[in-house]
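Chemist:
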Amino acid sequence: MRYSRPTILVIAVAILISLASVGGVSAQVTRHVPADYATIQNAIDASVNGDTVLIAPGTYSENIDFVGKAITVRGAAGPEVTLIDGQNQGTVVVFQNSETSTSVLSDVTILHGRGDDAFGFGYVAKPGGIHLFCASPIIRNCIIRNNHGGNASDGAIAGAGGIGCEGPCPENGFQILNCKIRDNTGGSAVPTPFTMPIGEAGAGGIHCIEAVGLIRACIIEDNQGGTGAFAQLTGGAGGIEFSAPHGIPVVEDCDLVGNWGGTGMDSVPFAGAGGIHGGSPDIRFCRIWNNHGGLAAGLASGTSAGTGGVFGDAPTITNCLIEQNVGGDSGLESLRGGAGGVCVYGDATLISTLVDRNLGGSDGGAPGFGGAGGVQSLGGSMMILSSTIADNIGAVGFDGSGSGGIHLAAGSLVLKNAIVWGNVGGGFGPFPSADEVGGMGTFAVTYCNVKNGYPGVGNIALNPDFKNPVAGDYHLKMVSHCIDAAQPGSPAPTLKDVDCDPRLLGLELDMGADEANAHIYPGSGEDLILETIVNDDGDPAASVRFLTMGDFLKMTVRSPLGTLPPSSMVLVGQFFMTGSPPPPVLGFPEVHIDPVFAFIMAPGPIPNWQVPTSGGYTWGFDVPMTYPGFSMMLQGFAITPLAANSFFVATEGHELRFE
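What follows is the structure in structure tokens.
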């Protein structure tokens, strides 16, 4: 495949002029480490509000405290080469003086922190990497790895491995942005002869106690929650844990992968979830996959193993992928195995979310219940809208098995405009389980595609025609019976589907998490195709996509069967107001661009405008700006006598909607 910078011949150009008044500002100083100051802490101590501490590449063996200053501490060359090493002697970075968003830590790696232990009810052990105590700083573009939270005993809470946040927080809470948090271990709850019958282990990645904030665009991987030991000590989450938050924390556009929840012991409510545990977070546009819930162990009854993906009271989960997670197994006198994908006990909501190929945890052969494969509710009112629950496997339980797709232990379920297909229940025990939707409670299922059928208005039981479910591709083929099959007139629950493509592209909403998004602008249907990818994600055949300033846009025009080379080709674009696409050109219904207002994006120098023999042409660039309310139509053309009209071949049109 050949790459070239686009040659853009602009026929119509939009110009944006911004005017800004500049007021006087106080002098700000950049303090260089180690050129001006031997240590980072020395530079912080010398700084005043508004200053920047700029750290040269290297490894700095120290522990630092922002001491309440509104400053930026930043690595000059990025986190990979700027390391702050705690040498396993306390927390590496501390914010404990009511710092706000004017205190910024960025572009450094935080490693080898070891939080101090805590002893006694009401105390919290220190985290290993970063500690936020009643503070709301910004932590941006950092790597937090190989840290260990402090252990706890006698009623204390153990420390987080990576980042520990204790509230309440000033302003609107902390911000953790574009960070990689990996290979951290939460502190464990350690028994002593005086152990009180309560306590909690620390999360591996991030643990928030009465603290809220925003966690955005982070990769949280391969972290291990701490172990809860004897006497009702709860295991910590592998990825993120929220304990008694004052408000609604937001987790947005994050990847949580390969995290393990900590083991729960002896009559605790739950072992740690693999991905996200606790509270009622707002979880948006996240990919939560290949996480493992903590085991439930001990001699006393009542322990539930950890959920593989998300466990909480009343989370709102929107536009997420929850895939291939495994619920923890329970054993001895434990209550139940963990759900594979999602488990809630309050009024939770799932919207435009794909839950697939998750595995529930078993009861370990002891009296107890197997975990559901996909989604499990232990009580409250659950609502699942425009989502797909597919190919999950529930676990066997001596007292009752988990359903494969959705299982209610109690409470109620509203399931609407969804697909529940190909799931397998545990199928054993005195209480009802099912392959697709089962359990005990109140069910309201309408306009859904449920394998083997389910009573309710608008429900069907027809093959949804996923593109390639074996490979995890649950997009709908254009022949799917789920297209335009949602409740007539039903408003879109979100503006975007699970791929962040627009909802409501046809006559009605589609069932499931995916809004079938192809052939809206069909072109001539010959051997020339256009593929567009935004940020290396999504379906390249999608006819409509969103585009935001800073996105990376990649466009490819190619001849899959190789019938067109060496025909001349070109990629053409046109701007228009969103919602008013250009009509097909008179006499040429395959042309979706008005040539009067078009501009040409050429594959290279003009003499080289030919369809290549293999691979096609690819253009890629960062989007410098967008114009909300406007869209751009793209369409490729090849001039060839081999065309059906003996003149030209046209790709499908692709609409890029600006945000």
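So the sequence shown is numbered by this note's numbering: it starts at 34 and just counts up by one.
Beta carbons: idealized from backbone N, C-alpha and C, even for Gly.
Check for me: the alpha helix (DSSP H) holding residue 74 runs from which residue to which?
Modeler: Unbroken alpha helix (DSSP H) run through residue 74: 73-79.
Chemist: Would you list the residues sitting across from residue 181 in a DSSP beta bridge?
Modeler: Looking at the DSSP assignment, residue 181 forms a beta bridge with 147 and 218.
Chemist: Can you give me the C-alpha to C-alpha distance between residue 426 and residue 438, rounded to a whole angstrom?
Modeler: Cα-Cα distance, rounded: 7 Å.
Chemist: Check whether the region 490-505 and the region 528-541 are in contact - that is, three or more C-beta pairs closer than 8 Å.
Modeler: The region 490-505 is not in contact with the region 528-541.
Chemist: If contact is defined by three or more beta carbon pairs under 8 Å, each pair taking one atom from either stretch, is the region 608-621 in contact with the region 578-593?
Modeler: No, because fewer than three Cβ pairs between the region 578-593 and the region 608-621 fall closer than 8 Å, the two stretches do not touch.
Chemist: Which partner residues of residue 122 appear in the DSSP bridge assignment?
Modeler: According to DSSP, residue 122 bridges with nothing at all.
Chemist: By how many angstroms is the C-alpha of residue 655 removed from the C-alpha of residue 679?
Modeler: Going by the C-alpha atoms only, they are around 37 Å apart.
Chemist: Would you call residue 375 buried or exposed, if buried means 16 or more other Cβ atoms sit within 10 Å of its Cβ?
Modeler: Buried, by the Cβ-count rule.
Chemist: Which same chain residues end up closer than 6 Å to residue 273 when comparing Cβ atoms and leaving out the 5 residues on each side of it in sequence?
Modeler: The answer, listed in chain order, is 238, 239 and 309.
Chemist: Ignore the nearest five residues each way along the sequence and tell me which others in residue 677's own chain have a CB closer than 8 Å to its CB.
Modeler: Same-chain partners within the cutoff: 557 and 559.
Chemist: Please state whether the Cβ-Cβ distance between residue 600 and residue 673 is less than 8 Å.
Modeler: Taking 8 Å as the Cβ cut-off, residue 600 and residue 673 qualify as a contacting pair.
Chemist: When you compare the CB positions of residue 609 and residue 663, do they come within less than 8 Å of one another, or not?
Modeler: Contact flag set, yes.
Chemist: If residue 87 sits next to residue 124, beta carbons under 8 Å apart, how far is it from one beta carbon to the other, in whole angstroms?
Modeler: Wrong, their Cβ atoms sit about 23 Å apart, outside the cutoff.
Chemist: Do you know offhand how far residue 481's Cα is from residue 415's?
Modeler: If I take the Cα positions, the gap works out to 16 Å.
Chemist: Tell me which residue opens and which closes the beta strand (DSSP E) that residue 210 is part of.
Modeler: 207-210 is the span of the beta strand (DSSP E), which, as asked, contains residue 210.
Chemist: Mind checking whether residue 304 and residue 296 have CB atoms under 8 Å apart?
Modeler: Yes. Within cutoff.
Chemist: Buried or exposed: where does residue 535 fall if 16 or more other Cβ atoms within 10 Å of its Cβ makes it buried?
Modeler: Classification for residue 535: buried.
Chemist: If you check the beta carbons only, do residue 406 and residue 418 fall under 8 Å apart?
Modeler: Going by C-beta atoms, residue 406 is not nearer than 8 Å to residue 418.
Chemist: For residue 630, which of helix, strand or coil comes out of DSSP?
Modeler: Of the three classes helix, strand and coil, the one that applies to residue 630 here is helix, per DSSP.
Chemist: To the nearest whole angstrom, what separates the beta carbons of residue 580 and residue 689, a pair I think is in contact under 8 Å?
Modeler: That belief holds up - the Cβ atoms of residue 580 and residue 689 are roughly 4 Å apart, short of 8 Å.
Chemist: By the 10 Å Cβ neighbour count, where 16 or more other Cβ atoms means buried, how is residue 519 classified, buried or exposed?
Modeler: When all chains shown are included, residue 519 counts as buried.
Chemist: DSSP three-state call for residue 535: helix, strand or coil?
Modeler: The answer is strand: DSSP assigns residue 535 an E or B state.
Chemist: Taking the continuous beta strand (DSSP E) assigned at residue 500, which residues delimit it?
Modeler: 499-501 is the span of the beta strand (DSSP E), which, as asked, contains residue 500.
Chemist: Excluding the 5 residues preceding and the 5 following residue 382 in the sequence, name in chain order all residues of the same chain whose CB lies nearer than 6 Å to its CB.
Modeler: Counting only Cβ-Cβ distances below 6 Å, and skipping sequence neighbours, we find 349 and 416.
Chemist: Can you tell me whether residue 58 is buried or exposed? The criterion is at least 16 other CB atoms within 10 Å of its CB, across all chains shown.
Modeler: Low confidence applies to residue 58: its pLDDT is 41, below 50, so where it sits in the model is not reliable enough to give any reading.
Chemist: Can you find the residues in the same chain that come closer than 6 Å, C-beta to C-beta, to residue 269, ignoring five residues on each side of it along the sequence?
Modeler: So the qualifying residues of the chain are 219, 234, 235, 236, 258, 259, 295 and 305.
Chemist: On a CA-only basis, which of 204, 144, 170 and 68 is nearest residue 9? Give me that one, please.
Modeler: The shown model of the chain, from 34 to 692, leaves out residue 9, and the question about it has no answer.
Chemist: Across which residues does DSSP place residue 320 in a beta bridge pair?
Modeler: Looking at the DSSP assignment, residue 320 forms a beta bridge with 288 and 354.
Chemist: Can you give the beta carbon distance from residue 211 to residue 253, rounded, assuming they're within the 8 Å contact cut?
Modeler: That belief does not hold up - the Cβ atoms of residue 211 and residue 253 are roughly 12 Å apart, past 8 Å.
Chemist: By a C-beta neighbour count over all protein chains shown, 10 Å radius and 16 as the cutoff for buried, is residue 99 buried or exposed?
Modeler: Residue 99 should be labelled buried.
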